[in-house]
Amino acid sequence: MDEGRPIFVQIAEQIEDDIFGGILAEETQVPSTNEFATFYRINPATAGKGVNVLVDDGILYKKRGIGMFVATGSRKRIVQKRREHFEAEYVQPLLSEAHKLGISPSQLATIITESSMREEAQK
Amino acid sequence: MTAVVEVTNLSKRFGNVHAVDDVSFTVAENKIYGLLGRNAAGKTTLMQLLTGQEFATSGTIKVFGQSPVENASVLERLCFIKESQRYPENFKPRHVFTTAPWFFPHWDAEFAARLISDFKLPVNRKIKKLSRGQLSAVGVIVGLASRAPLTFFDEPYLGLDAVARQIFYDRLLEDYAKHPRTVILSTHLIDEVSELLEHVLVIDEGQIIIDQDADELRESATTVSGMATSVDSFVRDRQVLHRSRIGGLATATVGRLSPEDRTAAGAAGLELSPVSLQQLIVRITGSAEQEVEQSA
Chain P
1 MDEGRPIFVQ
11 IAEQIEDDIF
21 GGILAEETQV
31 PSTNEFATFY
41 RINPATAGKG
51 VNVLVDDGIL
61 YKKRGIGMFV
71 ATGSRKRIVQ
81 KRREHFEAEY
91 VQPLLSEAHK
101 LGISPSQLAT
111 IITESSMREE
121 AQK
Chain B
1001 MTAVVEVTNL
1011 SKRFGNVHAV
1021 DDVSFTVAEN
1031 KIYGLLGRNA
1041 AGKTTLMQLL
1051 TGQEFATSGT
1061 IKVFGQSPVE
1071 NASVLERLCF
1081 IKESQRYPEN
1091 FKPRHVFTTA
1101 PWFFPHWDAE
1111 FAARLISDFK
1121 LPVNRKIKKL
1131 SRGQLSAVGV
1141 IVGLASRAPL
1151 TFFDEPYLGL
1161 DAVARQIFYD
1171 RLLEDYAKHP
1181 RTVILSTHLI
1191 DEVSELLEHV
1201 LVIDEGQIII
1211 DQDADELRES
1221 ATTVSGMATS
1231 VDSFVRDRQV
1241 LHRSRIGGLA
1251 TATVGRLSPE
1261 DRTAAGAAGL
1271 ELSPVSLQQL
1281 IVRITGSAEQ
1291 EVEQSA
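Written out as structure tokens, the structure reads:
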């Protein structure tokens, strides 16, 4: 865990990443709070808080006596959420750094286009 | 919340030294507590009072609802692992583990055997011939395998290397997950244990100055850095825990910031970074950073 953000937020993001990346399929069981705690070496209460964030968001749901499962449609919801945050998390910092370097938004657009063309060519 | 420890206006004086000075707090059941503070802050005295090994000068202590002093029904539910536990002359670790179940009704011999092999502890060597780290391992094994409902570890790992400390943290967490109990861990290695803790008590000059959920405490401070003039104007009306300056750049540690504060800081070109539990405590207990042992 990095010191950057609250640990329970990082746990929630890690689980989201795994759902997003297809490692945790919808309607499959996720590891228990205690398994998360021992794996990441954190207090089980903290791990539980991370899991509860996702339960509140409807990404995970509880089957009584069995455990936590990935909700149907959760991957789509995560994609939706990440798209909403894309501008604030990626575009704004990019623009602010470009501004400091004297790169105008239109020059930046050119750089992005050229860079993605080079990446395409390499595939 | 069930309280396993309730302390009210507790004081302990040695002559005119106030080792514990009018403290009140509770300890909730089945949480891992960090009892943190500088040397001579009163950590050990407090644990000795809670385990009935010292008499209070004034105030009351209830452990599992009763006074711990000379009280077998309380004491059999406690385990106190001290930094410098003494053992009878000619004792070997094997004797310690054989006699442990007499004192600890929840003793798990199988778990103890696994820990002995994890720590590669020579059980048939005389205790006085053990290295400092091996001696600490004896205490750690007793503390874990006793599964006492209330376990105190007072600087349990003097001389334990980084690998052995990691084994301790891993086993503690695994076993705590399976057998929840209340653990009070006193240590200088705050960064190492920070993520294991659910609640933090900080004692300074005999007084409890922080009694807070660990996650909340971690979020309670932020370091602001950037141009000195911008930093100065941002922190002007705030309580500043720490401040430093290099040329035109400055950093300042301040309390909790609202989302609006964060936006304002971003707009002013300031960088925000979190403060580790260790940094926070060093800053609050207000003294030179080198006084706190850095984690190896």
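First to last, the protein sequences are chains P and B. Be aware that the first sequence starts at 1, since it is given in the working numbering, and climbs by one per residue. Be aware that the second sequence starts at 1001, since it is given in the working numbering, and climbs by one per residue. Quick reminder that beta carbons are idealized off the backbone N, C-alpha and C, glycines included.
Inter-residue CB distance, residue i and residue j (contact presumed, cutoff 8 Å)
i	j	result
P/Ala-25	P/Gly-50	In fact, because the Cβ distance is near 20 Å, the residues do not count as touching under 8 Å.
B/Glu-1083	B/Asp-1154	5 Å
B/His-1179	B/Arg-1147	6 Å
B/Thr-1045	B/Lys-1092	B/Thr-1045 to B/Lys-1092, Cβ: 31 Å. No contact.
B/Phe-1119	B/Ile-1167	7 Å
P/Ile-152	P/Ile-42	With chain P covering only 1 through 123, there is no way to say anything about residue 152 of chain P.
B/Met-1047	B/Phe-1080	6 Å
Through-space distance from residue j to residue i, alpha-carbon basis
i	j	result
B/Arg-1215	B/Leu-1277	Note that residue 1215 of chain B is Asp in the sequence shown here, rather than Arg. In a straight line, the C-alpha of B/Asp-1215 is about 10 Å away from that of B/Leu-1277.
B/Gln-1066	B/Phe-1055	14 Å
B/His-1106	B/Ile-1246	56 Å
P/Thr-113	P/Asn-52	40 Å
P/Gln-92	B/Gly-1034	40 Å
B/Val-1231	B/Arg-1114	53 Å
B/Glu-1289	B/Ala-1250	Any reading at B/Glu-1289 must be qualified, since the residue scores a pLDDT of 41, below 50, and its modelled position is unreliable; the value itself is stated next. Roughly 18 Å separates the two Cα atoms.
B/Thr-1223	B/Thr-1263	15 Å
B/Val-1202	P/Ser-116	53 Å
B/Asn-1009	B/Val-1020	10 Å
B/Thr-1151	B/Gly-1143	7 Å
B/Val-1074	B/Val-1140	21 Å
B/Gly-1159	B/Gly-1133	4 Å
P/Ile-15	B/Val-1163	28 Å
B/Pro-1274	B/Leu-1280	10 Å
B/Glu-1076	B/Ser-1244	50 Å
P/Pro-44	B/His-1199	12 Å
P/Tyr-40	B/Gly-1286	31 Å
B/Pro-1149	P/Arg-83	48 Å
P/Ala-109	B/Ala-1267	23 Å
B/Asn-1124	B/Ala-1109	17 Å
P/Gly-65	P/Lys-76	27 Å
B/Ala-1100	B/Asp-1161	25 Å
B/Phe-1064	B/Ile-1190	28 Å
B/Val-1282	P/Thr-72	47 Å
P/Tyr-90	P/Glu-97	11 Å
B/His-1018	B/Asn-1039	14 Å
P/Ile-23	P/Ser-74	13 Å
P/Gln-80	P/Glu-87	13 Å
P/Ile-103	P/Glu-35	47 Å
Proximity of residue i and residue j at Cβ, strictly below 8 Å
i	j	result
B/Gly-1255	B/Arg-1238	yes
B/Lys-1031	B/Thr-1182	yes
P/Val-30	P/Met-68	yes
B/Glu-1195	P/Ile-7	yes
B/Gly-1052	B/Val-1027	no
P/Thr-28	P/Ala-47	no
B/Arg-1171	B/Glu-1192	no
B/Thr-1377	B/Leu-1241	Residue 1377 of chain B lies beyond the stretch modelled for chain B, which goes from 1001 to 1296, so this question has no answer here.
B/Ile-1127	B/Leu-1135	yes
B/Ser-1305	B/Glu-1174	The requested residue 1305 of chain B is not part of the displayed model; chain B covers only 1001 to 1296.
B/Phe-1111	B/Ala-1145	yes
B/Ala-1177	P/Thr-38	yes
B/Lys-1003	B/Glu-1205	Checking the sequence, you will find Ala at residue 1003 of chain B rather than Lys. No, the pair does not count as a contact, with Cβ atoms beyond the cut-off.
B/Ile-1208	B/Ile-1284	no
B/Phe-1025	B/Asp-1213	no
B/Val-1005	B/Leu-1049	no
P/Lys-63	P/Val-55	no
P/Pro-105	P/Leu-95	yes
Exposed unless 16 or more other CB atoms sit within 10 angstroms - verdict on residue i
i	result
B/Glu-1293	Low confidence applies to B/Glu-1293: its pLDDT is 38, below 50, so where it sits in the model is not reliable enough to give any reading.
P/Ile-59	buried
B/Pro-1259	exposed
B/Lys-1043	buried
B/Pro-1338	With chain B running from 1001 to 1296 in the structure shown, residue 1338 of chain B is simply not present.
P/Leu-101	exposed
B/Gly-1037	buried
B/Ala-1072	exposed
B/Phe-1104	buried
B/Thr-1060	exposed
B/Phe-1234	buried
B/Ile-1184	buried
P/Ala-121	exposed
Report task. Entirely within the stretch 1217 to 1280 of chain B and at least 3 residues each: give me those beta strand (DSSP E) ranges in chain order. Result -> Taken in chain order, the complete beta strand (DSSP E) segments of 3 residues or longer contained in the stretch 1217 to 1280 of chain B are 1221 to 1227, 1240 to 1246, 1249 to 1255, 1271 to 1274.
Report task. Please specify which runs of the alpha helix (DSSP H), each continuous and at least 4 residues long, are wholly inside the stretch 14 to 86 of chain P, giving them in chain order. Result -> Residue ranges of uninterrupted alpha helix (DSSP H) with 4 or more members, entirely inside the stretch 14 to 86 of chain P and ordered along the chain, are 33 to 40, 44 to 56, 74 to 86.
Requested in this report: Go through the stretch 1096 to 1151 of chain B residue by residue and report every complete run of the alpha helix (DSSP H) that reaches 4 residues or more, in order.
Outcome: Fully enclosed alpha helix (DSSP H) runs of 4 or longer: 1109 to 1118, 1132 to 1145.
**Report entry** Minimum length 3: unbroken beta strand (DSSP E) runs contained in the stretch 1176 to 1219 of chain B
**Finding:** 1182 to 1186, 1199 to 1204, 1207 to 1213, all fully within the stretch 1176 to 1219 of chain B.
**Report entry** 4 or more residues per run - each alpha helix (DSSP H) lying fully within the stretch 1020 to 1072 of chain B
**Finding:** Runs found: 1043 to 1050.
Report task. Using a Cβ-Cβ cut-off of less than 9 Å, give me the residues of the stretch 29 to 60 of chain P that come near chain A, in sequence order. Result -> Of the protein chains in this structure, namely P and B, none is chain A.
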